[in-house]
Amino acid sequence: MTKIRKKEKGNIVITLVLLILGLIFVAPILLLVMNSFKPYQEMIKNFLSFPVNFTLDNYTTAIARMDFVRVFFNSAFVTILTVVFGVIFSFMAAYGISHIQSKLGKFLYILFTMGQIIPFHTIMIALQTMMAKYDLTNKLTVLVCLYIGFHSAFGIFTYVGFLKSIPKELEEAACIDGCGVFRTMVQVIFPLVKPTSITIGVLFFLWTWNDFLMPSLMISSSEKRTLTVMIYMFRSNASSEWNLLIAALTLSIIPIVLLYILAQKYITSGITAGAIKM
Amino acid sequence: MAILYKKYKKYYYMFIIPALLLYALALLVPMFLGTIPYSFENWNLMSGSRSFAGINNYIKLLSDKDFWHAFLFNISIGIWTIVGSNVLGFIIAYFLNKKIRARGVIRALFFIPNIISAVLVAFIWTFIFAQILPNLAEIMGWDWLGNISWFGSPGTASFTIILVSIWQQIGFLMIIYTAGLQTVPEELIEAGKMDGCTGFRLVRYIQLPLLMPTITINLFVSISGAFKAFDVPNAMTAGGPYGSTMTAAMDIYQEAFVRYNLGYGAAKSVVLFAAVAAVTLIQLHFTRKREVEL
Numbered sequence: 174m175t176k177i178r179k180k181e182k183g184n185i186v187i188t189l190v191l192l193i194l195g196l197i198f199v200a201p202i203l204l205l206v207m208n209s210f211k212p213y214q215e216m217i218k219n220f221l222s223f224p225v226n227f228t229l230d231n232y233t234t235a236i237a238r239m240d241f242v243r244v245f246f247n248s249a250f251v252t253i254l255t256v257v258f259g260v261i262f263s264f265m266a267a268y269g270i271s272h273i274q275s276k277l278g279k280f281l282y283i284l285f286t287m288g289q290i291i292p293f294h295t296i297m298i299a300l301q302t303m304m305a306k307y308d309l310t311n312k313l314t315v316l317v318c319l320y321i322g323f324h325s326a327f328g329i330f331t332y333v334g335f336l337k338s339i340p341k342e343l344e345e346a347a348c349i350d351g352c353g354v355f356r357t358m359v360q361v362i363f364p365l366v367k368p369t370s371i372t373i374g375v376l377f378f379l380w381t382w383n384d385f386l387m388p389s390l391m392i393s394s395s396e397k398r399t400l401t402v403m404i405y406m407f408r409s410n411a412s413s414e415w416n417l418l419i420a421a422l423t424l425s426i427i428p429i430v431l432l433y434i435l436a437q438k439y440i441t442s443g444i445t446a447g448a449i450k451m
Numbered sequence: 006m007a008i009l010y011k012k013y014k015k016y017y018y019m020f021i022i023p024a025l026l027l028y029a030l031a032l033l034v035p036m037f038l039g040t041i042p043y044s045f046e047n048w049n050l051m052s053g054s055r056s057f058a059g060i061n062n063y064i065k066l067l068s069d070k071d072f073w074h075a076f077l078f079n080i081s082i083g084i085w086t087i088v089g090s091n092v093l094g095f096i097i098a099y100f101l102n103k104k105i106r107a108r109g110v111i112r113a114l115f116f117i118p119n120i121i122s123a124v125l126v127a128f129i130w131t132f133i134f135a136q137i138l139p140n141l142a143e144i145m146g147w148d149w150l151g152n153i154s155w156f157g158s159p160g161t162a163s164f165t166i167i168l169v170s171i172w173q174q175i176g177f178l179m180i181i182y183t184a185g186l187q188t189v190p191e192e193l194i195e196a197g198k199m200d201g202c203t204g205f206r207l208v209r210y211i212q213l214p215l216l217m218p219t220i221t222i223n224l225f226v227s228i229s230g231a232f233k234a235f236d237v238p239n240a241m242t243a244g245g246p247y248g249s250t251m252t253a254a255m256d257i258y259q260e261a262f263v264r265y266n267l268g269y270g271a272a273k274s275v276v277l278f279a280a281v282a283a284v285t286l287i288q289l290h291f292t293r294k295r296e297v298e299l
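Chain order of the listed sequences is V and B.
Under our numbering, the first residue of the first sequence carries the number 174, and numbering increases by one thereafter.
Under our numbering, the first residue of the second sequence carries the number 6, and numbering increases by one thereafter.
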C-alpha cells in the first residue's frame, strides 16, 4: 500500500517537473505572444512584464502594412488545394500501383519512393531556371502543382503500405456485387484508409503552409507572396520594427496551433506511422 | 484478383497519370534534365555564356575553400544538433512514458515548436537573442550577458543556430521515441527488474537495445535533415559573420542566385545529394545491423 502511494507521489513530481520544463521550453513563444499586446515603448522598456496598456495596435498596423489578409489567403489557397488534390492524386496512384502486377508497377513504386531522398536544394536551381524559361513563375496554381508533385512521393509510399493490409476479397466481393472500378476505389477502399488520408493531409498542410524556399524562388510579385516569404521580406526590409513583426509572427502561428489542437491525434500517430514504415 | 486485374488494367495505369505527371514536373525533370546535365556546363546567367564544361566544375569544386568550409560547418553543427536533439528527445520521451498526468498537454508543449515554420522559429529566437536577452541583462545588471554579441562572432552565431535547431527538432524525435518505448514489452522490463537491473542499467541494457529500430529512424531523419540545413541559419545569421555560418545548401543558393553560376551551383547540388545519400545509406546499414529481434 505504502509502496503504491509512494509511486504515485513520484509520478506527480515527474508530472510537475515535466510541466514546468515544458513551459520553459515554449517560453520564447509565450514571450512573443505576450509582447505583441504591448505598445512599442512599453515593450522595449521591459520585455518580461505583463502588458499594462493592453493594445491591438501592433496587430492592426501589421495587418495593414504587410497586406496580411491577401498574403494569408494566398497561403491558404495554395495549402488547401495542395492538401485536397495531393491526397486524391496520391491515393489514386497508390491504388493503381498496388494493383499492377507487372514489373512496371514495382518500377513505378521505386521511382516515387526515390523522390523522398532527393533534397529540394538539389533541384532548386534547375526548377527555378526551367519555370522561369517557360514563364511559369508567379503563378500560385503552378506552386500547387509543384507541391503536389513533391509531396506525392511520401503520400504514395505511405498509402501503398496501408493498402497492402486491406484484404483483396473485399474488392472481389464488391466486383461480384456489380461495383465498377471507380466505385470500388471511391466508395469501398477510400473510406477504409480514412485515418491515413487525414494523416497525410495534415502533413501536407504543415509542409506547404510552413515552406519558405519554394515560394521565395517561384514568386517574385508582391501580390502573390505567401505568408513565410512576406514575413521574411518584412524582416529584411524593416528589421527594427519588432512590435509589428511579433504581431505578424503570432498571427501566422495561430492557424498551425489550431490545426494541432484539432488534429493532435492524427499528427502524432501519422508521424509515428510514417516514420515506422520507413 | 487476376480477373479483376485483367479487366481493369488500363484503369489502374490511368490512376497513376496525374501524380506521375506532377511528380515528373516537380522532381524527375528538374533532377535528370536539369541539375545533372547543368553540372557539366559552364553557365553564368549574368554574362549569358553557356558551354559544355565536362567535369571541370567538379574539379574546381575539389579546391573550393568556401564550399568545403560551408560543408564542414554544416557537418559540425549537424553533429551537435543530431546528438543534442536525440538525447534530449529520448529523455523527455522516457519520462513521458511513465504513468504521469497531463501527458497530452506536456507532449504538446514540447511538440509545438516542431510544427512552426523554421523561418518563423528563427525570427522568434532572433527576437529573444537580439531584444529580450540584452534587455534582461540591463534590468538585472548582468554585464556578462549584456556583453555577448550573439550574432557577432562565429562561435556564438553557431551556438544560436545549434540551439534553435535542437529546439525545433526535439518534438519530432520525442514523438517517435515515445512510440518506440511503447513497443518494449512490459514483461521484459519486469524480468529485468527482478534480476536486479534498475534505473540507468535498465535503460542501457534493456530499453536501448530494443529501441534500435527507433534509433535507426530518428538518426536517419536527423542526419538527412542536418544536410538540408537552410531555413534556420539563413533567417537567423544569413551566413554571417563573414560567411562563417554558411551551410552547404546556403552556399549552393548563393552560387546560383547571387553569383548566377548555374552550372557550378548544379555541380555543388549533385555533391550535396551524393553526400546525403551516402551518409544515410551507411548509417542505415550500421544501425540496422545492431537491431535485435524480439
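Every residue, glycine too, gets a C-beta built ideally from N, C-alpha and C.
Predicted, not measured: the structure shown is a model, and the values here were computed from it.
Boundaries of the alpha helix (DSSP H) in which residue i is found, first to last residue
i	result
residue 48 of chain B	No alpha helix (DSSP H) contains residue 48 of chain B, which is instead part of the beta strand (DSSP E) from 46–48.
residue 205 of chain V	200–208
residue 361 of chain V	Where residue 361 of chain V is concerned, there is no enclosing alpha helix (DSSP H), given that its DSSP letter is neither H nor E.
residue 130 of chain B	123–132
residue 37 of chain B	That residue, residue 37 of chain B, is in no alpha helix (DSSP H); it is neither H nor E in DSSP.
residue 229 of chain V	From DSSP, residue 229 of chain V is part of no alpha helix (DSSP H); its letter is neither H nor E.
residue 313 of chain V	313–336
residue 214 of chain V	213–218
residue 62 of chain B	61–67
residue 85 of chain B	70–101
residue 225 of chain B	217–232
residue 239 of chain V	No alpha helix (DSSP H) holds residue 239 of chain V; DSSP gives it neither H nor E.
residue 105 of chain B	Looking at the DSSP string, residue 105 of chain B is not in any alpha helix (DSSP H), and its letter there is neither H nor E.
residue 173 of chain B	159–187
Outcome for residue i when other beta-carbon atoms lying within 10 angstroms are tallied against a minimum of 16
i	result
residue 152 of chain B	exposed
residue 260 of chain B	buried
residue 370 of chain V	buried
residue 186 of chain V	exposed
residue 247 of chain B	exposed
residue 303 of chain B	The structure shown does not extend to residue 303 of chain B, since chain B is modelled only from 6 to 299, so the question has no answer here.
residue 51 of chain B	exposed
residue 15 of chain B	exposed
residue 165 of chain B	buried
residue 88 of chain B	exposed
Chain V within 7 Å of residue i, Cβ atoms only
i	result
residue 140 of chain B	yes
residue 165 of chain B	no
residue 294 of chain B	no
residue 36 of chain B	yes
residue 174 of chain B	no
residue 39 of chain B	yes
residue 106 of chain B	yes
residue 184 of chain B	yes
residue 63 of chain B	no
residue 68 of chain B	no
residue 23 of chain B	yes
residue 134 of chain B	no
residue 274 of chain B	yes
First through last residue of the beta strand (DSSP E) which encompasses residue i
i	result
residue 377 of chain V	Looking at the DSSP string, residue 377 of chain V is not in any beta strand (DSSP E); the run it does join, the alpha helix (DSSP H), is 367–383.
DSSP bridge partner residues for residue i (one or two, in chain order)
i	result
residue 56 of chain B	B:47
residue 266 of chain B	B:49
Interface flag, residue i vs chain B, CB-CB below 7 Å
i	result
residue 253 of chain V	no
residue 318 of chain V	yes
residue 354 of chain V	yes
residue 360 of chain V	no
residue 184 of chain V	yes
residue 229 of chain V	no
residue 201 of chain V	yes
residue 376 of chain V	no
residue 383 of chain V	yes
residue 379 of chain V	yes
residue 405 of chain V	yes
*Is the segment 316–327 of chain V close to the segment 374–394 of chain V, with three or more CB pairs under 8 Å?*
Taking 8 Å as the limit for Cβ pairs, the verdict is that the segment 374–394 of chain V does touch the segment 316–327 of chain V.
*Inspect the CB distances between the segment 35–51 of chain B and the segment 331–339 of chain V and report whether three or more fall short of 8 Å.*
Verdict: no, contact absent.
*How do the segment 281–295 of chain B and the segment 221–230 of chain B stand: do at least 3 beta-carbon pairs fall below 8 Å, yes or no?*
Touching, yes.
*asked:* When you compare the segment 252–264 of chain B with the segment 77–84 of chain B, are there three or more beta-carbon pairs, one atom per stretch, that lie closer than 8 Å?
replied: Contact between the segment 252–264 of chain B and the segment 77–84 of chain B is present: 3 or more CB-CB pairs across the two stretches fall below 8 Å.
*asked:* Pairs of beta-carbons, one from the segment 372–389 of chain V and one from the segment 213–222 of chain V, closer than 8 Å: are there three or more?
replied: No, the segment 372–389 of chain V is not in contact with the segment 213–222 of chain V.
*Segment contact, 8 Å Cβ cut-off, at least three pairs: the segment 148–164 of chain B with the segment 120–138 of chain B*: Contact between the segment 148–164 of chain B and the segment 120–138 of chain B is present, with at least three C-beta pairs closer than 8 Å.
*Report yes or no: do the segment 119–129 of chain B and the segment 206–220 of chain V share at least 3 C-beta pairs separated by less than 8 Å?*
No, they do not touch.
*Can you find at least 3 beta carbon pairs, one from the segment 91–98 of chain B and one from the segment 168–187 of chain B, that sit closer than 8 Å?*
Short answer: they touch.
*Counting pairs of Cβ atoms below 8 Å between the segment 414–421 of chain V and the segment 288–299 of chain V, do you hit three or more?*
Result no; under three Cβ-Cβ pairs closer than 8 Å.
_Inter-stretch contact (C-beta, 8 Å, three-pair minimum) for the segment 113–122 of chain B and the segment 430–437 of chain V_ = A contact exists between the segment 113–122 of chain B and the segment 430–437 of chain V.
*Three or more C-beta pairs below 8 Å linking the segment 262–273 of chain V and the segment 19–30 of chain B*: Flag = yes, the segment 262–273 of chain V and the segment 19–30 of chain B touch.
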